[in-house]
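**Q**
2 protein chains.
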Amino acid sequence: MCLEVFGDRWSLLIVRDLMVRGYRTFKEFQTSGEGIATNILADRLQKLEAAGIINPEPEETDGRKINYRLTQKGIDLAPVLLDLLIWGARHEPADASCSLILKMDKNRDQILSEVERRWRERDSTPLIPSFDAGMARQLGRTQRHK
Amino acid sequence: MCLEVFGDRWSLLIVRDLMVRGYRTFKEFQTSGEGIATNILADRLQKLEAAGIINPEPEETDGRKINYRLTQKGIDLAPVLLDLLIWGARHEPADASCSLILKMDKNRDQILSEVERRWRERDSTPLIPSFDAGMARQLGRTQRHK
DNA sequence: GTAGATAACTTGCAAAATGAAAGTGAGTTT
DNA sequence: AAACTCACTTTCATTTTGCAAGTTATCTAC
Numbered sequence: 002m003c004l005e006v007f008g009d010r011w012s013l014l015i016v017r018d019l020m021v022r023g024y025r026t027f028k029e030f031q032t033s034g035e036g037i038a039t040n041i042l043a044d045r046l047q048k049l050e051a052a053g054i055i056n057p058e059p060e061e062t063d064g065r066k067i068n069y070r071l072t073q074k075g076i077d078l079a080p081v082l083l084d085l086l087i088w089g090a091r092h093e094p095a096d097a098s099c100s101l102i103l104k105m106d107k108n109r110d111q112i113l114s115e116v117e118r119r120w121r122e123r124d125s126t127p128l129i130p131s132f133d134a135g136m137a138r139q140l141g142r143t144q145r146h147k
Numbered sequence: 002m003c004l005e006v007f008g009d010r011w012s013l014l015i016v017r018d019l020m021v022r023g024y025r026t027f028k029e030f031q032t033s034g035e036g037i038a039t040n041i042l043a044d045r046l047q048k049l050e051a052a053g054i055i056n057p058e059p060e061e062t063d064g065r066k067i068n069y070r071l072t073q074k075g076i077d078l079a080p081v082l083l084d085l086l087i088w089g090a091r092h093e094p095a096d097a098s099c100s101l102i103l104k105m106d107k108n109r110d111q112i113l114s115e116v117e118r119r120w121r122e123r124d125s126t127p128l129i130p131s132f133d134a135g136m137a138r139q140l141g142r143t144q145r146h147k
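In the order they appear, the protein sequences are chains A and B. Heads up, the first sequence is in the working numbering, so the first residue is 2 and it goes up one at a time. Heads up, the second sequence is in the working numbering, so the first residue is 2 and it goes up one at a time.
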């Protein structure tokens, strides 16, 4: 059923990078440090497109570039990704931004609407840093409003 | 990061079957109709165990059987699975229980605590049918409480 | 108590998917 | 027009998967 599209190592990572980092182009995915091979990347982008999750739109200013963008169906994966992020932060001690992510648990709905707003407005700034900067304050304010 | 465990076709399906169908044993997974090969199943069960997501406990009454059970870390995947289920129901027209699942969206927290209760109490009855029977009524009652 | 199931795996091997590296071709900069 | 960038293809070695057929330890029936 619905797990079929994500039964591989890369597809969800691509969706995540589109959603919370500001990735748009083939090059950005390729050099993102995860080390995906270009043939696999091309294949996954094509399959995600076929599944109606992303949509390629050529850039006007530069005819070589293609901007991949999440569809509505794609952005609707935000809750899944967020829950997975929270789960990972809770159970895998590794990451540095763990405590930050765990705070997200309390503001799930707020973050989800922020993610969707960014998508609607084509805001490509990475999500995490913006939260890192402004969100800590705001979280503090809403929780124990001095 | 946290996506590594689920970067394959079977692991999430196994977790799902443990969580919402009442699967416990190797045999049940093997004959579940999804068609997983026994070598792959053995491998995935081992990897899920290594990741601390499931835990094998031999059955007392039958020394051949091993009951695989989700750990706390495993059951904490419930929100992810539920969101994925809802996403699938919303965007993949295929399944019959779609409308049922979509109703779950409104009772997310209730369902999640039900899933965890079943886990704690080792209630192995499949989740969906029980909802199919009793939940429709209950959903109706809480929403437009006549 | 032994013959035959049953459960949980292994093993062997062919087919498919993946990864690394090098190429291609259209579009852009200088 | 030469060099460069971007989004792919192609090739080929390696890895992973899927299928079928064991294997071992435990039951169950006679």
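In this text, a Cβ means the ideal position worked out from N, Cα and C, and glycines have one as well.
Determine the closest residue to Q111/A out of P80/A, S33/A, F7/A, with distance taken between C-alpha atoms.
**A** P80/A
**Q** Alpha carbon to alpha carbon, how far is L1/B from L78/B?
**A** Chain B is shown from 2 up to 147; residue 1/B falls before or after that span and cannot be answered.
**Q** Between G36/A and chain B, is there a C-beta pair that is closer than 8 angstroms?
**A** At a cut-off of 8 angstroms, the C-beta of G36/A has no neighbouring C-beta in chain B.
**Q** Note down, in chain order, each residue of its chain lying with its Cβ closer than 8 angstroms to the Cβ of L19/B, except the 5 sequence neighbours on either side.
**A** Cβ neighbours of L19/B beyond the five flanking positions: R25, I55, Y69, R70, L71, G75.
**Q** Helix, strand or coil for I150/B per DSSP?
**A** Nothing can be reported for residue 150/B: it is not among the residues displayed for chain B, which extend from 2 to 147.
**Q** Would you mind listing the alpha helix (DSSP H) stretches within the segment 69-101 of chain A that are 4+ residues and don't spill past its ends, in chain order?
**A** 73-76, 79-92
**Q** Can you check whether the CB of G23/B is closer than 8 angstroms to the CB of S125/B?
**A** yes
**Q** Using only alpha-carbon positions, find the residue among K48/B, I129/B, E61/B that is nearest to S98/B.
**A** Checking every option, the nearest Cα to that of S98/B belongs to I129/B.
**Q** On the CB-based measure, 16 or more other CB atoms within 10 Å of its CB, does L103/B come out buried or exposed?
**A** exposed
**Q** Do we get a CB-CB distance below 8 angstroms when we pair D84/B with the residues of chain A?
**A** yes
**Q** Checking 8 angstroms against the spacing of the C-beta atoms, do E8/A and R10/B come in under that value?
**A** Glu is not the amino acid found at residue 8/A; the sequence shown has Gly there. Against a cut-off of 8 angstroms, the Cβ pair of R10/B and G8/A comes out as a contact.
**Q** Give a yes or no on whether the C-beta atoms belonging to D63/B and D84/A are separated by under 8 angstroms.
**A** The answer is no: Cβ separation not under 8 angstroms.
**Q** How long is the line joining the alpha carbons of L82/A and R17/A, rounded to whole angstroms?
**A** 7 angstroms
**Q** Taking 8 angstroms as the cut-off, decide whether the C-beta atoms of L4/B and L14/A are in contact.
**A** yes
**Q** Excluding the five sequence neighbours on either side, which residues of its own chain have a C-beta within less than 8 angstroms of the C-beta of E117/A, listed in chain order?
**A** I76, A79
**Q** With DSSP as the reference, label E61/A as helix, strand or coil.
**A** coil
**Q** What is the DSSP secondary structure of I54/A, reduced to helix, strand or coil?
**A** coil
**Q** Whole-angstrom Cβ separation of E61/B and I67/B, contact assumed at under 8 angstroms?
**A** About 12 angstroms separates the two Cβ atoms, so there is no contact after all.
**Q** Tell me, which residues are paired with I1/A by DSSP?
**A** Since the first residue shown for chain A is 2 and the last is 147, residue 1/A is missing from the structure and cannot be characterised.
**Q** Is any beta-carbon of chain B found at less than 8 angstroms from that of V16/A?
**A** no
**Q** Answer with buried or exposed for H146/B, where buried requires no fewer than 16 other C-beta atoms within 10 angstroms of its C-beta.
**A** For H146/B, the predicted structure reports a pLDDT of 29, less than 50, and the residue's modelled location is therefore unreliable. A value from the coordinates is still provided. Exposed, since its Cβ has fewer than 16 Cβ neighbours within 10 Å.
**Q** Starting from F30/A and walking both ways along the alpha helix (DSSP H), at which residues does that stretch end?
**A** 27-31
**Q** Helix, strand or coil: how does DSSP classify R145/A here?
**A** Bear in mind that the predicted position of R145/A carries a pLDDT of just 29, short of 50, making it unreliable; the figure below should be weighed with that in mind. Coil.
**Q** Does R22/A have its Cβ less than 8 angstroms from a Cβ in chain B?
**A** no
**Q** In terms of alpha-carbon separation, which member of L46/B, S12/B, V21/B lies closest to F27/B?
**A** L46/B
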